[in-house]
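No gaps in the numbering here: position 77 of the sequence shown is 77 in the UniProt record's numbering, and each next residue is one more.
The C-beta atom is built at its ideal place from N, Cα and C for all residues, glycine as well.
These numbers come from a predicted model, not from an experiment.
Notes to accompany the following structure.
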Amino acid sequence: MVFNFKNFLYYIDNDEKIPITVKTISDSLQVPEKSVLLRCSDNLLVIRQELEKNYDNLLFLRRYSQNNIDSQSHGFAEIACQDEEVIHLDEIVDGDIIYIKCKIRIDLNFLNEKCKLDYGCTMTFDEIKKANKRAFEMKNCEMNEINSYEKGVVEFKTNEERIMKTNLFFSADVNVENFLKLGVSIKSMKDKKSNSETSGSYHFMKHAKLSLKFTEYLKCLEPTSEFTEAVKNAIDSEDPPENFKQITKEFGQFIPTEIILGGRAHFKEHIISTGNFAGNSKEIAMNTNAKGAEVVVASTSNCLKGKSTYHKFNCTKLIGGGSPNSLENFNEADWVKSLKENYENWDCIEFRDPISIFQILPDSLHKQIIKSIGKTIHYSTTEEFCHQLDQPEEFGKPKIFELNMPPDVLKIVKNKDADCNIFATVIDTTESKNDFFTCQVLCPPNGKPNLIIHCVQKRFKRHECKLKIGWMVIGYVTDFNLIFSDFNAQLEILKNENVLNNQTMINTDLLNFKYNPYVRKVPPCLGIPVLTKLDSSNDSLIIGHHFYNAHEENQIGAYTFSYCLKNNHFVNLPNFIFCTLIISNYHNSNAYDVISFDYPILKKKKPYIDLTAGSCRFISLYSTHKANCGPIFLKQNCKRIKAKSIECKNTTCYICKNNTLRKSDNNIRCAFFDPYQKMYNLNKYLL
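Here you go:
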């Protein structure tokens with residue numbers, strides 16, 4: 001005889017509380033049952049007040065049989081909150097059990113201590129490492145239960161994909177390149193492994209249990225005082241990039257804004273082909289060995305005698321869940337059970353939406369960090385340009401080269417906080433004998449920047465020259481997820497403004513920059529003049545320059561002058577801004593330097609520098625002393641760089657009377673920068 005507890009309730013005092021077992025229905029976690037003293041005549045609204053002492057966001061469930069044939073098959077229907085006042089406990093109690101759904105109470109502090117949820121992360125070739133020092137304190141987060149199961153195959157074709165998909169477990173649509181821009185050093189990883197590209201795959205099984213989101217990360221994560229002080233000290237240091245690099249070693253490079261907790265297993269596939277089978281059949285059989293880590297899949301062809309191929313899977317990596325003595329003893333059923341029974345067995349199995357650890361710092365520090373790190377190359381490219389001179393009236397007049405600037409780059413250029421500058425170089429691929437070309441930037445207020453290309457000729461001559469124009473956009477990085485992509489690139493831009501009221505033909509200003517001669521040699525400097533307007537007052541003027549070493553001050557000076565192509569003589573400098581790019585360091589040491597000219601035996605020949613075919617270098621003239629170099633231009637073609645002097649018809653001008661030009665093998669050199677050089681295919685984002 002089956003005892004019907006519900007009927008028994010009629011025989012007891014309605015005011016008497018009796019023990020009721022509360023059973024929580026949850027797909028993600030097995031919650032222990034609790035016995036609670038409740039009064040069966042109370043409505044569910046009253047019962048809720050009692051149960052909310054131990055349960056959050058609860059819903060009452062009514063158990064029902066799903067079919068009449070199988071009495072063991074049951075389902076659960078949620079009871080609407082608005083109906084709780086009219087439904088009494090004795091109407092839903094099943095024997096001495098009531099069923100509820102609720103938000104599972106999880107000790108987030110325990111998971112945080114175990115998994116270091118508020119620590120920064122660093123990616124290595126083999127794993128994601130949590131930082132040694134704590135960058136943040138978790139104040140809040142959005143916590144959502146998940147109960148998803150997934151299995152499949154992950155394929156990777158490059159080293160970047162391998163690192164992402166075997167170590168980080170990001171979702172499949174993650175942009176690998178964007179993540180690498182967070183400052184991950186691929187080179188340091190590659191040094192530990194083969195330089196060749198790796199392709200392969202692995203099988204996986206994933207049980208996701210809980211999602212933790214720090215979407216409003218400024219409210220959820222608070223920077224520790226130790227991390228904040230380290231950043232302030234780096235800003236004020238003599239070498240901020242090096243100090244920020246050290247910070248990422250101690251506090252991590254990034255932190256995910258969503259973390260998935262649960263368990264994950266990786267399997268390596270072994271394919272074994274054996275024997276011939278008689279018979280005409282086609283079948284696939286899978287056997288999961290519950291006693292070990294092996295999963296075997298067998299298939300046979302529909303031929304009379306076909307080979308049988310066995311796919312054998314060995315567990316190679318286990319994250320979360322109860323740990324077996326060894327991976328060889330992996331038992332899937334026990335492992336899954338351990339995940340469901342106790343959330344303390346969960347671990348991080350997937351990171352999503354990572355951001356730089358510096359993104360979460362206060363706004364007051366953001367601009368200071370940006371300025372201290374320096375500028376970076378946002379974009380660089382080369383384009384072809386056909387320069388034609390057909391009519392005599394074109395003599396001395398410029399051609400406007402419109403920069404083919406992608407929309408995202410133009411957006412950066414227009415961002416005042418990025419403070420961008422354009423640098424350009426011109427290569428004469430036609431290799432004209434006497435003509436050479438100069439380049440200036442035209443940057444009207446609130447307008448799109450373009451280039452001004454002049455052809456320098458002694459007299460008018462029709463020509464058609466094919467030019468290669470190299471140009472790059474350099475500015476501050478305002479997106480903190482990209483700012484630390486290259487600590488080794490130390491680029492600084494100085495601006496010197498020349499105004500008409502100076503009424504001078506030359507300017508020899510010292511740059512606001514000092515170098516340490518005991519630490520490094522004079523860094524390469526590249527210059528370019530920038531005009532805000534182009535009209536009849538300045539369209540035939542070219543502005544030349546060279547840099548010189550002011551030894552006594554450990555400073556570098558810039559010598560600028562102006563020449564009128566229409567009248568062939570030096571003139572007063574116009575209104576312009578002279579921009580100087582100082583390259584103190586760059587991840588490819590072969591991409592920049594200050595090099596000497598070669599001098600031919602015949603004195604009439606010009607000094608030259610031989611070039612590697614196909615190179616596109618940004619160049620500027622450099623003088624070892626302030627007073628030993630006059631107005632000289634540089635001519636670059638595909639094979640050589642040559643020093644070119646220019647004729648002035650006004651021999652009584654200030655420049656001609658004070659020209660101390662002496663082109664010996666010791667006094668002039670060429671500073672160059674070639675950002676198009678590639679060291680390795682993976683070295684796009686180096687630390």
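Counted within 10 angstroms of its Cβ, other Cβ atoms place residue i as buried (16 or more) or exposed
i           : result
E464        : exposed
G396        : buried
L621        : buried
F437        : buried
C386        : exposed
H551        : exposed
T257        : buried
N144        : exposed
L44         : buried
R105        : exposed
residue 743 : Lying before the first or after the last residue shown, residue 743 is absent from the chain, which here runs from 1 to 687.
Q490        : buried
D236        : exposed
Beta-carbon proximity check, residue i vs residue j, cutoff 9 Å
i    : j    : result
S380 : G470 : yes
V426 : K468 : yes
I583 : P529 : no
Y64  : A77  : yes
F251 : I128 : no
R39  : L108 : no
C638 : T376 : no
K116 : K130 : yes
L61  : K101 : yes
G527 : T478 : no
L210 : W346 : yes
V154 : H207 : no
K605 : K644 : no
F578 : N512 : no
S615 : D674 : yes
F227 : I369 : no
F576 : I543 : yes
Identity of the residues DSSP links to residue i by a beta bridge
i    : result
E137 : E222
Q593 : This sequence places Asp at residue 593; Gln is not what is there. Looking at the DSSP assignment, D593 forms a beta bridge with F672.
L621 : C670
K129 : T122
I100 : T24, F60
W471 : T381, A424
E332 : None; E332 has no bridge partner.
E78  : L61
C525 : I582
G544 : F561
M143 : L212
G152 : F204
Close-in-space but distant-in-sequence residues of the same chain around residue i (CB under 7 Å, 5 per side omitted)
i           : result
V522        : Y515, N549, I556, V594
Y518        : none
K192        : Here the model assigns K192 a pLDDT of 46, short of 50, so the residue's position is not dependable, and the following value carries that caveat. Within the same chain, K192 has close Cβ partners F125.
F254        : G120, C121, L182, P354, I355, S356, I357
C564        : S540, L541, V571
residue 713 : Shown here, the chain extends from 1 to 687; a query on residue 713 therefore has no answer.
S199        : F156, K157
D390        : R462
N112        : D118, M138
E222        : F136, E137, K139
C220        : M138, K139, N140, C141, F214
Cβ neighbours of residue i in the same chain (closer than 6 Å, five flanking residues each side left out)
i    : result
I412 : H378, A418
E341 : Q30
E402 : N450
R48  : none
S148 : A208
E431 : N637
C420 : V413, V473, G475
Other residues of its chain near residue i: CB distance less than 8 Å, five sequence neighbours each side excluded
i    : result
K17  : L37, L38, R39
D610 : D598, K639, R640
L51  : V22, V36, L58, I100
K34  : T21, V22, N54
beta-carbon residue i near the ligand ZN non-hydrogen atom, thresh 8 Å
i   : result
P19 : This structure lacks the ligand ZN; in fact it carries no ligand of any kind.
*asked:* When you compare the region 431-447 with the region 350-362, are there three or more beta-carbon pairs, one atom per stretch, that lie closer than 8 Å?
replied: Touching, no.
_Contact the region 447-466 vs the region 498-512: 3+ CB pairs below 8 Å_ = In this structure the region 447-466 does not touch the region 498-512; the number of beta carbon pairs closer than 8 Å is below three.
*asked:* Would the region 639-657 count as touching the region 562-577 if we require 3 or more Cβ pairs under 8 Å?
replied: Counting C-beta pairs closer than 8 Å gives three or more between the region 639-657 and the region 562-577, which meets the contact rule.
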